[in-house]
Structures are given as structure tokens and as C-alpha cells.
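Here the structure is laid out as C-alpha cells; the discussion comes afterwards.
Number of protein chains: 2
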Amino acid sequence: MILLDGKKLAEKILDEVKKDVAGLDEKPRLAIVLVGKNTAIEKFIEQKKKAAKSVGIDVCIYPFDQAISTNELRKRLSEIVHEKKNTGVIVQLPLPEQIHVQYILNAITPEKDVDVLSSRAIGNFSTGRSKIMPPVAGAIKALFEEYGIDYKNKHVVILGAGNLVGKPTALWLLNEKATFSVIRSSTRHPEEFLQQADIIISGIGKPGFITGNMIKDGAVLIDAGTSESEGPSTGLGVKKLVGDVDFESVAAKCSFLTPVPGGVGPLTVALLFKNLVAISPHEYP
Amino acid sequence: MILLDGKKLAEKILDEVKKDVAGLDEKPRLAIVLVGKNTAIEKFIEQKKKAAKSVGIDVCIYPFDQAISTNELRKRLSEIVHEKKNTGVIVQLPLPEQIHVQYILNAITPEKDVDVLSSRAIGNFSTGRSKIMPPVAGAIKALFEEYGIDYKNKHVVILGAGNLVGKPTALWLLNEKATFSVIRSSTRHPEEFLQQADIIISGIGKPGFITGNMIKDGAVLIDAGTSESEGPSTGLGVKKLVGDVDFESVAAKCSFLTPVPGGVGPLTVALLFKNLVAISPHEYP
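Heads up: the sequence lines are chains U and P, in that order. The opening residue of the first sequence carries number 2 in our numbering; numbering runs sequentially from there. The opening residue of the second sequence carries number 2 in our numbering; numbering runs sequentially from there.
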């Protein structure tokens, strides 16, 4: 079994981003909209700040009260998006219950939407007209390329269809001539799909859900469960980084596996900054 | 085996559309952009004209030369879209080889995009912010509802990922908490998927590809192959309406089956006009 070293690949990507940033006239700046407070979210923000600092990108945090209304947040977000210095804007998920999430995300214009979460950015991505990829899908693609894993002639099973992992991964594979299945909590016999999968991409946020007896020998396991634990579907109670994969039993049977932490998570952060530079309006000198 | 009577359901939907149209101050008008000439396309146009007439909707055909450039077509299409009298605009597919299809489709604004093919309309649909559905997906949903076919707790296998059938169907099921697989010409063992499928939705445009021995007893077969034969992937040579399903052998084994013609085809046309009325800017008196 080979561990897919997301941390190392993230560093490689961030090195490239750093070089790109050095060549720019003006520094890109990532605006992070943060509603409410909790320790899990703060941890993710810290990771992004640290990565940004390492490549010379500015980060500007815009904190808002937990009780803010959808209309007020949308208004404030529009101002943040129109601020010229912010070359990329993300809204840290999950948002509080009272917020209409997609309406908020749609205030981000496609040329600043580095998370690819607005309807327009998703539409552009889905029709092959986006310069950037949703960060988790980009992270998985980068891993496959780095480790020479063929995914186009395999059966990929996507576990969960959340906005941060399952859905963008499905949109990506739909355009990639790949063969894939999407299974979710309503699926009657998930084990039948997992047993047949050459590649499993999991983003359900259920610690240790996938065990060795569920998979076939030599399967490739991409555990993006922790990324999804940032997402709206799993709530705010996550205290530490845990994946969907039961590491010991799966490691004994699979061919490739992403560790948690150190797998998809840091790569997703690196891809976010790669996106920021890729859609930066600043020209090279 | 029960035949899914798309023609009858289409008439029912068109009756409702007719009532809606009668209540409008101004008639909706569908603009159809037609590039080049061929008998298959003209047949599809005739079907749309006939349905439009039956419900009191005007149709305006805009013919262009087969040799038109992408830039010229985009410019002309923009004018057609901005013409106030055109409340819906579609581009008849396939377009000639030299045309950049998605760039053309993106000239249609979401509020007139009754085929849901522009990046913006697809993005809105994909994020649950569309009032209308892509016509083929809407047609399939209407059939499932009419015949009480549960698709959310089944395994749906989508054959092909073209812009008119497979892709919009996958986007729809992604948002519907359904369990589904997407297989295509590159899939190594399509028969393994077909054998397990509770519901098969086919849009590959390969006459008689699915035979009885490939499916399981009691499967539901949605044959949208002819709709896809309008699409860019299959070329212009289609002379008659044939489906992806080998009717005799499949009919002997499945539980529900759409005939060709008289299945998904006429329903898709009906859904197009349902969409036109649903996004009509005209208010009821």
C-alpha cells in the first residue's frame, strides 16, 4: 500500500504558486468571509493563512456575527467582492442555519470565485468553460496525476454528494469520460458498490465508515471526509481531523490511500491558492 | 411489461400549457435558430411547430447558412435573444463542425434559455436555483411521476453523458438524492452495470444497443436515444426514429419501457413549451 502524500504535493504546488506570485505586479489577496465562531472553523482558517503567508499572498478576514441575516450578509459580501484589492473571495462553510447558502455564494462573481461554488462558476465548470477547478476535485486530480493513477478506465465510486466533495467530483468526472457511481446515505446497498469500486472517493464525514471488508483488493481510497466536515451537511461539532476511512483495516487491503490528516486537506488549500493566481486579473510584467 | 406512453402524457402536459397560454396577456414566442439544412433536423422542427400551434404559441424560425462563422452566429443570436417578442430561444442541435457550440449557447440569457443549455442556466439548475428543468430530464421525471416509478431508492444507470440526455439527467439525479452510475463508450464492462440496474436511461444513439440478455428482470427502460440523435455526438445522418433499445428482447424482460417513437421524444417537446410558459415574463391579467 502506498500512502498518497497530499502534504508533500501541496508543498510542491505552493512552491509553483509562490513563483507565480513573485512575478506579479500586485499581490493577489484572498478575502475570507467568516460568520460566527467555532474552533474547527478557526483551525481551517489558520491553515489557509499559513499557506497564504508561505507563498506571499495576502489574506483579509471579514468576520460577521453568527446572527446576521441572509440579506445583510449578501449586501456586505457584494461590497467585499467589489473591493478591487480582493482578487479572490471565499465564504467559510458551514454557514449558520438561518442563512440561504446558495444565494450568498451567488454574490461572488466567477472571476473571484476561487472555491467554484457560485451558480455561475459551477455552470462554467460544468460546461468546460472554467479556467479553474473546484479545489477538492483539483486536489484529487493532482494526486491521480502525481501517482500515475488511471481513473478514466476504472469504476470510480463517489460516496456522498455534498457541495464540497461529492458534487464537484461528479461534475468533473462527467466531463472526463470517466465511469462513476454516486452513492449516498439513501443508497440501499452501499457495500455492493464499494465492493466493485476500483477507486473510492469519500466525502461523507462519517469517521471510520469505510472498513477493509467493504472494499476490493487493490482499490484506491481517496478520503476527503475531513474536507466535507467543513461543509454544511455535517454541522459544527467536528473537533479533530478524522476521515471516512478506517485506516488500519483499509490500509491492509488497498493499493493507494490518502492519510488524514496530510492527504486531501492540505492539497485542497494549495489548490485554492493555485486558483487564486490562475484567475488573477493582474498581468505579468 | 407496461409501455410508458410519452405521447399521451405529452398531450396532457400540452393541454395544461394551452390553458396557461390562454391566460397570458401576450403570446409567448419561441425563436428557433437553425443552421444549415437536413431532413432529420427539419423533422424535429416540424414536431415543435406542430406542438406550438396546438397550444397557441408562436414560433419564429431563424435560418442561417451552414458555413456561418462562430462569431457571426453569436452576434446574430444575441440580437435574436434581445428581441423582446422572443420569450424563449433555442438553437437546434447539432451545429456544423466549425462552430464552438458552448460559446454560441452561452449567448442565450437564462430567462430565455428553455433548453437549459447555457453555462448560466446549467449552473442555476445544478445549484437548485432554476425554475425549469432541462427538457429530457423533465420528460423522464414526468414519466416516473405519471407511472408511480420510484427512482430515488433504486440504482439508476445512465448510458452516455451527452449534453442533451446523459449530462442533464446526471445533474438532476445528483440533486435528487438518487443513486446512479454513468457509463459511456469508454466503460470497460457496461454489461455489469446494465445487469445491476433497476432503471436504465439511455442516450447514446446506438440503434438496438441494449438487448434483453443485458438487463435484469423487471428493469425500467427509458430510451432517450432518439433525442440524443439530435445532439452533436451523433452527426446528421439519422433518417428515422430509432432507439437504443432492442424492443422485442427487452420488452420480454423489463417492467416498463418507453417506445420509440412515442416515448421520450414527444414529451421532451412538450416540456420545452412548459418551460417557455414557466419562465415567461408576462404576468397573468
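Glycine is no exception: its CB is placed at the ideal position from the N, C-alpha and C atoms. These numbers were taken from a predicted model, which means no experiment stands behind them.
Interface residues of chain U facing residue 183 of chain P [CB-CB closer than 9 Å]: 171, 174, 175, 179, 180, 181, 182 and 183
Is there at least one non-hydrogen atom of the ligand NAP closer than 7 Å to the beta-carbon of residue 76 of chain P? The ligand content of the structure shown is nil, which means the ligand NAP is not present either.
Determine, for residue 162 of chain U, whether the minimum Cβ-Cβ distance to residues of chain P falls below 8 Å. yes
Once DSSP output is grouped into helix, strand and coil, what is the label at residue 251 of chain U? helix
When Cβ atoms are compared, which residues of the segment 88-107 of chain U fall closer than 7 Å to chain P? 103
As assigned by DSSP and simplified to three states, the class of residue 278 of chain P: helix
Sequence-distant residues of its chain with Cβ nearer than 8 Å to residue 35 of chain P (five each side left out): 42, 46, 62, 63, 64, 65 and 93
Just to confirm the assignment: which complete beta strand (DSSP E) runs, minimum length 3, are found wholly within the segment 77-111 of chain P? 89-92
Roughly how many angstroms separate the alpha carbons of residue 7 of chain P and residue 192 of chain P, rounded to a whole number? 27 Å
Using DSSP with H/G/I as helix, E/B as strand and the rest coil, what is residue 59 of chain P? strand
Could you check what DSSP says for residue 150 of chain P in three-state terms: helix, strand or coil? coil
Assign residue 30 of chain U to buried or exposed, taking buried as 16 or more other Cβ atoms, counted over all protein chains shown, within 10 Å of its Cβ. buried
Going by beta carbon distance, what residues of the same chain come within less than 8 Å of residue 22 of chain P, once the five residues before and after it are set aside? 28, 29, 56, 57, 58 and 278
Looking at the C-beta of residue 229 of chain U, does it have a partner C-beta in chain P at a distance below 8 Å? Residue placement at residue 229 of chain U cannot be trusted, given a pLDDT of 42 that sits under 50; what the coordinates show is reported in the next sentence. Taking Cβ atoms only, chain P never reaches closer than 8 Å to residue 229 of chain U, which makes this a no.
When you compare the CB positions of residue 69 of chain P and residue 49 of chain P, do they come within less than 8 Å of one another, or not? no
Closer than 8 Å to chain U by CB, residue 168 of chain P: yes
Which value, in whole angstroms, describes the spacing of the CA atoms of residue 189 of chain P and residue 162 of chain U? 25 Å
Which residues of the segment 140-156 of chain P have a Cβ closer than 7 Å to any Cβ of chain U? Give them in chain order. 153 and 154
Tell me the rounded alpha-carbon separation between residue 76 of chain U and residue 82 of chain U. 10 Å
For residue 221 of chain U and residue 182 of chain U, which I take to be in contact (beta-carbon distance under 8 Å), what is that distance rounded to the nearest angstrom? Not confirmed; about 15 Å, so no contact.
Start-to-end residues for the beta strand (DSSP E) that takes in residue 210 of chain P: Looking at the DSSP string, residue 210 of chain P is not in any beta strand (DSSP E), and its letter there is neither H nor E.
What would DSSP say about residue 180 of chain U, mapped onto helix, strand or coil? strand
Can you tell me whether residue 275 of chain P is buried or exposed? The criterion is at least 16 other CB atoms within 10 Å of its CB, across all chains shown. buried
Near-chain U residues of the segment 115-132 of chain P - C-beta to any C-beta below 8 Å: 119, 120, 121, 122, 123, 124, 125, 127, 128, 129 and 130
Indicate whether residue 225 of chain P and residue 137 of chain P have their beta-carbon atoms separated by less than 8 Å. yes
Measuring straight from C-alpha to C-alpha, what distance separates residue 239 of chain P and residue 202 of chain U? Because residue 239 of chain P sits at a pLDDT of 46, beneath the cut-off of 50, its placement in the model cannot be relied upon, and the following sentence gives the value as read from the coordinates. Answer to the nearest angstrom: the Cα atoms are 39 Å apart.
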